[in-house]
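Trainee:
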Amino acid sequence: MSRRAPRSRNNLRFPRLLTCFLAVSALVIGTVVPATAATATATASASSPITSRMMADPASSGIAKTTLAGFSAGNIISDAVFTNKSTMTEAQIQEFFNSKVARCQGGRDENNEPIVCLKDFSMNTVTRPADAYCSGYSGQANESAARIIYRVSQACNINPQVLIVMLQKEQGLVTHTWPSAWRYRIALGQGCPDTAPCDPNYIGFFHQIYGAARQMQIYMEGKWFQWYAPGKTWNILYNPNANCGSSPVYIANKATSALYYYTPYQPNAAALNAGYGLGDGCSAYGNRNFYNYFTDWFGSTQSSANNPFGNIELIEALPGEFRVSGWAADRDTRDPIGVHVYVGGVGTAITADRPRADVGNAYPDLGPNHGFDARVAATGAGPVDVCVYGINVGSGGNVLFLCKTMQAKSGPPQGLLDSVTVVDGGVQVEGWAVDPDTVDPVSVHIYVGAVGTAIVADKKRPDLVPHFPGYGENHGFSAKINASPGRQDVCAYAINVGAGGTVLLRCETVVVPGTVDLGRPPIGGFEGVSVDGTVATASGWALDPDTTAPIGVHLYVGAVGKAYTADKERSDVGATYPGYGNKHGFVEKLTVPVGKTDICAYAINNGAGGHTFLGCRTVTVAAPAGPDLGRAPFGVFEGVAVESGGATVSGWTIDPDVIDPISVHIYVDSTSAAYTANKPRSDVGAAYPAYGPNHAFVEKIAMSPGTHQVCVYAINNGAGGHTFLGCKSVTIPAPPTADPGRAPFGGFEGVSAYTGGAEVSGWAIDPDTADPISIHIYVDNSSAAYKADKVRNDVGAAYPASGPKHGFAERIAMSPGTHQVCVYAINNGAGGHTFLGCRSVNVPAPAGPDPGRAPFGNFEGVTGEVGAATVSGWAIDPDTSEPISVHIYVGAIGTAYMADKTRNDVGAAYPASGSKHGFGERIPMPAGKQTVCAYAINNGAGGHTFLGCRDVVVG
Numbered sequence: 013m014s015r016r017a018p019r020s021r022n023n024l025r026f027p028r029l030l031t032c033f034l035a036v037s038a039l040v041i042g043t044v045v046p047a048t049a050a051t052a053t054a055t056a057s058a059s060s061p062i063t064s065r066m067m068a069d070p071a072s073s074g075i076a077k078t079t080l081a082g083f084s085a086g087n088i089i090s091d092a093v094f095t096n097k098s099t100m101t102e103a104q105i106q107e108f109f110n111s112k113v114a115r116c117q118g119g120r121d122e123n124n125e126p127i128v129c130l131k132d133f134s135m136n137t138v139t140r141p142a143d144a145y146c147s148g149y150s151g152q153a154n155e156s157a158a159r160i161i162y163r164v165s166q167a168c169n170i171n172p173q174v175l176i177v178m179l180q181k182e183q184g185l186v187t188h189t190w191p192s193a194w195r196y197r198i199a200l201g202q203g204c205p206d207t208a209p210c211d212p213n214y215i216g217f218f219h220q221i222y223g224a225a226r227q228m229q230i231y232m233e234g235k236w237f238q239w240y241a242p243g244k245t246w247n248i249l250y251n252p253n254a255n256c257g258s259s260p261v262y263i264a265n266k267a268t269s270a271l272y273y274y275t276p277y278q279p280n281a282a283a284l285n286a287g288y289g290l291g292d293g294c295s296a297y298g299n300r301n302f303y304n305y306f307t308d309w310f311g312s313t314q315s316s317a318n319n320p321f322g323n324i325e326l327i328e329a330l331p332g333e334f335r336v337s338g339w340a341a342d343r344d345t346r347d348p349i350g351v352h353v354y355v356g357g358v359g360t361a362i363t364a365d366r367p368r369a370d371v372g373n374a375y376p377d378l379g380p381n382h383g384f385d386a387r388v389a390a391t392g393a394g395p396v397d398v399c400v401y402g403i404n405v406g407s408g409g410n411v412l413f414l415c416k417t418m419q420a421k422s423g424p425p426q427g428l429l430d431s432v433t434v435v436d437g438g439v440q441v442e443g444w445a446v447d448p449d450t451v452d453p454v455s456v457h458i459y460v461g462a463v464g465t466a467i468v469a470d471k472k473r474p475d476l477v478p479h480f481p482g483y484g485e486n487h488g489f490s491a492k493i494n495a496s497p498g499r500q501d502v503c504a505y506a507i508n509v510g511a512g513g514t515v516l517l518r519c520e521t522v523v524v525p526g527t528v529d530l531g532r533p534p535i536g537g538f539e540g541v542s543v544d545g546t547v548a549t550a551s552g553w554a555l556d557p558d559t560t561a562p563i564g565v566h567l568y569v570g571a572v573g574k575a576y577t578a579d580k581e582r583s584d585v586g587a588t589y590p591g592y593g594n595k596h597g598f599v600e601k602l603t604v605p606v607g608k609t610d611i612c613a614y615a616i617n618n619g620a621g622g623h624t625f626l627g628c629r630t631v632t633v634a635a636p637a638g639p640d641l642g643r644a645p646f647g648v649f650e651g652v653a654v655e656s657g658g659a660t661v662s663g664w665t666i667d668p669d670v671i672d673p674i675s676v677h678i679y680v681d682s683t684s685a686a687y688t689a690n691k692p693r694s695d696v697g698a699a700y701p702a703y704g705p706n707h708a709f710v711e712k713i714a715m716s717p718g719t720h721q722v723c724v725y726a727i728n729n730g731a732g733g734h735t736f737l738g739c740k741s742v743t744i745p746a747p748p749t750a751d752p753g754r755a756p757f758g759g760f761e762g763v764s765a766y767t768g769g770a771e772v773s774g775w776a777i778d779p780d781t782a783d784p785i786s787i788h789i790y791v792d793n794s795s796a797a798y799k800a801d802k803v804r805n806d807v808g809a810a811y812p813a814s815g816p817k818h819g820f821a822e823r824i825a826m827s828p829g830t831h832q833v834c835v836y837a838i839n840n841g842a843g844g845h846t847f848l849g850c851r852s853v854n855v856p857a858p859a860g861p862d863p864g865r866a867p868f869g870n871f872e873g874v875t876g877e878v879g880a881a882t883v884s885g886w887a888i889d890p891d892t893s894e895p896i897s898v899h900i901y902v903g904a905i906g907t908a909y910m911a912d913k914t915r916n917d918v919g920a921a922y923p924a925s926g927s928k929h930g931f932g933e934r935i936p937m938p939a940g941k942q943t944v945c946a947y948a949i950n951n952g953a954g955g956h957t958f959l960g961c962r963d964v965v966v967g
């Protein structure tokens, strides 16, 4: 009969005869009714931290409480205890319910409905949306009472013990052994005013629990209910009968005000003196019984620890991180407190020190600086629990505010190598790559054989947007990669950013034409290692693409290598590489020491060029087993060496009870991480031969500039304690602001001959500077330096940070005949230069004075297809019979071609010029409508000729 819904504090009725009736019948019914003996007795489980404090339950044993020492009408329960949602787990709540009812009587109630005790009760719950008071509830089937109470307490930030006590004081449900079904429907009296029927929206156990918990938050907010506001003195009635009188009560906190909104009476002296029993005709019992049950079941209503409290308002998954915001405070200090955010098992410390006027207004004695809004790194892909803890100051303990399972936007890159096409001098690769940890374009490494080239996946790919919302469209790649002649494996790797690792997108085998040994690296596979005793058998295959002969392989056991020949029959290799035969396998027996050992294989180049690392495999040779004697590890923390951005920590350690490598924990100041001491150290292996060499650690650890204390512990592999190996101090210098030394990049786009020389064109950029850089142009064996400083708006648009002044178009005098023209982009500072390519050009002999007449010709057509279009026509310079260049533009990007294909119709029309003046070029283009324009380029004196433009649709 307590307060159930928002209404005036005086519109309650009190059935006077009910008190006597309930005193006789021994039922527990709420506010104005005392708690007397119920029908069941139960002894608390000795294993439960919640129930072990009680010798017997007063409400179930019939023993009357003889004193309410500590009860304060103005501070029935503290805010910290009332809102501490971390006091009980779901399992502890269920265990508590089990302890209160040893046996349920069962059967059917007065309405012929099944009798179910609270410990056995379950129901289907419904979904409730989040709002300012609760974080919402996702309905589930067949949830127990314990689970409903736990989940509601977490959603609405209410101590589950408060809800348990309210169930007992309102309907006696916790200890009742034959509860009627109607008790569950109005379990807390929520939405059931004394002067009207219950609101149907609150009928049912779940609606009662969720509605009451949410109502408590509304009361404590103080926006809509202010007549028992904390910090003021109020006259509070002893009984619904106003003639029973009232007395002034100073309301100390929001939790106490919420209880009075729910049950607007204080116990009089007779009620307090009666313990659980009857007072007099003016007694009311709701808030007294709340205090009795809470203190008998769960201890003090006043938090002597003054634990932290607060609210988690947002946990949001972002690329590579989580955003967490809210506020947290500790009553032991006005200063901001620490908040620890755990993503899975990885914790991050933040400080709740942002100004929050609303918090300052609600808690003026603590001030406003208790907010936080932080971003915490994700730890990998998939669902992960994000948990937020308030860190205690002074007495008390840390508090778990909220745990929430989130789908992380993190993990390894995703992507695809869409196509590999053989082009002049190499391969053209197309594809895309996205790393979920960043919205920025990521690097892609293209390997042709063993030679890698780094590119950036920053081209527009609008088709990716629906699949990766929020990441934008700039994640495609398209590049020409130089490749040596022969059979080539082309592989693309997306380079990881953040959590995860680098990902192989795809490999494709192509054949680049060629005939001689060009120093290409070997290929092969280190396929497996099997161990029998101390003998390991290593197998695989290897071949050099420049020869059909078997080649050498070097197999290393730890640091010791030996040469073998890959000449065993492998018909599968021969079928895959039919030009090379079958004699390219290796199967070799190797002696391996006790312990873990890395076996590595290298394919040895048969001629020019480098060797190829085929991989490593780790094998373990076990020593005779023996008991773990619990002996402590031993070892040496040998040094800490400063490197750029951190330091390398090194040493070795062994657990004398095992041969396996063990863990070391390395602390940098107060932060630690675990590593494995598994690197080979032949000196350690020689000193302790029974344990093998793999017990060293050499770990590079990132550190901020400044002085740090580095400490190392050897972790026992089984029984026994750990060993402190020592501490060393290291000072990390601030990083220099130097040229990163990245290589230039660009394009050698064309070389056009004219009488007396040729024009060489393209562009080049050094990514470490926006200034124009030099290029070196070689004509055969002679070179000259030029500046790539001409305006190229298309280059500026593609690389806006570098600007447009990076083009070159140099006319270079050359003798008549064929010349090799090569271009290098020269690094502006640290780092190497970049070879942009070579092209052959035929310079015509002088044919007398050039009259300077303009070229003429015809742009005859353009035909679209998937990813490209074919452009055709013809062009003649009337001052020469030699073929001339045509420049074909797709949008703003132009490329030079030679009009040198046979056109008998043109030769018949212009016999003095000959027939070698046609062009028909297949040009890669983006999908969609494209404008293609053609220009005939004058071979000598005079201007060029515009042949026209045509539109084409590319699939």
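Mind the numbering: the sequence shown is residues 13 to 967 in our numbering, read in order. All residues carry an ideal CB built from backbone N, CA and C; glycine is no exception.
(1) Inspect the CB distances between the segment 823-838 and the segment 876-888 and report whether three or more fall short of 8 Å.
(2) Span of the alpha helix (DSSP H) holding H956?
(3) What does the alpha-carbon distance come out to for the pair T139 and T101?
(4) A554 to I896, Cα distance in whole Å?
(5) Please state the DSSP three-state secondary structure of I935.
(6) Could you name each continuous beta strand (DSSP E) segment of 3 residues or more that falls completely within the segment 400-445, going from the start of the chain to the end?
(7) Straight-line CA distance for H707 to V633?
(8) Could you compute how far the alpha carbon of A746 sits from the alpha carbon of G402?
(9) Is it right to say C850 is buried, meaning 16 or more other beta carbons lie within 10 angstroms of its own, or is it exposed?
(10) Just the C-alpha distance for G841 and P784, rounded to the nearest angstrom, thanks.
(11) For the putative contact between V186 and L175, defined by C-beta atoms under 8 Å, what is the C-beta separation to the nearest angstrom?
(12) Could you give the distance in angstroms between the alpha-carbon of G564 and the alpha-carbon of C612?
(13) Helix, strand or coil for T588, going by three-state DSSP, please let me know.
(14) For the segment 271-337, list the beta strand (DSSP E) runs that are entirely contained and at least 3 residues long, ordered along the chain.
(15) Can you give me the C-alpha to C-alpha distance between T48 and A158, rounded to a whole angstrom?
(16) In the DSSP assignment, find the unbroken beta strand (DSSP E) run with G627 in it and report its ends.
(17) In the DSSP assignment, what residue or residues form a beta bridge with A887?
(18) Rounded to the nearest angstrom, how far is the Cβ of W246 from that of W239, given a contact under 8 Å?
(19) Tell whether a beta-carbon distance below 9 Å holds between G82 and T307.
(20) Roughly how many angstroms separate the alpha carbons of A167 and L326, rounded to a whole number?
(21) Please report the residue range of the beta strand (DSSP E) in which S551 lies.
(22) Using CA atoms only, rank isn't needed, just tell me which of K112, K608, G622 and V541 is closest to E600.
(23) Below 8 Å, can you find three or more Cβ-Cβ pairs linking the segment 918-936 to the segment 781-795?
(24) Are the beta-carbon atoms belonging to V855 and G768 less than 9 Å from one another?
(25) When the Cα of A939 is compared with those of R473, G484, A571 and A948, which residue comes out closest?
(26) Is it the case that the segment 420-436 contacts the segment 500-519, given that we only count it when at least three CB pairs across the two stretches are under 8 Å?
(27) DSSP on V918, reduced to helix/strand/coil?
(28) Here's the rule: buried if 16 or more other CB atoms are within 10 angstroms of the residue's CB, otherwise exposed. What is G346?
(29) Give the secondary structure of R343 by DSSP, where H, G and I count as helix, E and B as strand, and everything else as coil.
(30) In its own chain, which residues sit with a C-beta less than 6 Å from the C-beta of G291, not counting the 5 before and 5 after it?
(31) Leaving aside the five residues before and after R499 along the sequence, list all residues of the same chain whose C-beta is less than 6 Å from its C-beta, in chain order.
(32) Between G350 and A361, which are expected to be in contact by the criterion C-beta below 8 Å, what is the C-beta distance as a whole number of angstroms?
(33) Please report the straight-line C-alpha distance between P562 and D501, rounded to a whole angstrom.
(34) Going straight from the alpha carbon of A765 to that of I949, what length do you get?
(35) Near A821, what residues of its chain come up, given a Cβ to Cβ distance below 7 Å and the 5 sequence neighbours on each side ignored?
(36) Can you tell me whether T559 is helix, strand or coil according to DSSP?
Mentor: Taking the geometry as given:
(1) no
(2) Looking at the DSSP string, H956 is not in any alpha helix (DSSP H), and its letter there is neither H nor E.
(3) 21 Å
(4) 48 Å
(5) strand
(6) Runs of the beta strand (DSSP E) inside the segment 400-445: 411-420 and 426-435.
(7) 15 Å
(8) 34 Å
(9) C850 is exposed by the Cβ-count criterion.
(10) 12 Å
(11) Not a contact, Cβ separation roughly 10 Å.
(12) 14 Å
(13) helix
(14) 321-330
(15) Bear in mind that the predicted position of T48 carries a pLDDT of just 30, short of 50, making it too unreliable to give a figure here.
(16) T624 to V633
(17) G869
(18) 7 Å
(19) yes
(20) 13 Å
(21) V547 to L555
(22) V541
(23) no
(24) yes
(25) R473
(26) Yes: at least three Cβ pairs fall under 8 Å.
(27) helix
(28) Note on identity: in this sequence residue 346 is Arg, with Gly being the wrong assignment. Exposed.
(29) coil
(30) A282 and A283
(31) V523 and P557
(32) 6 Å
(33) 20 Å
(34) 10 Å
(35) E771, S773 and K802
(36) coil
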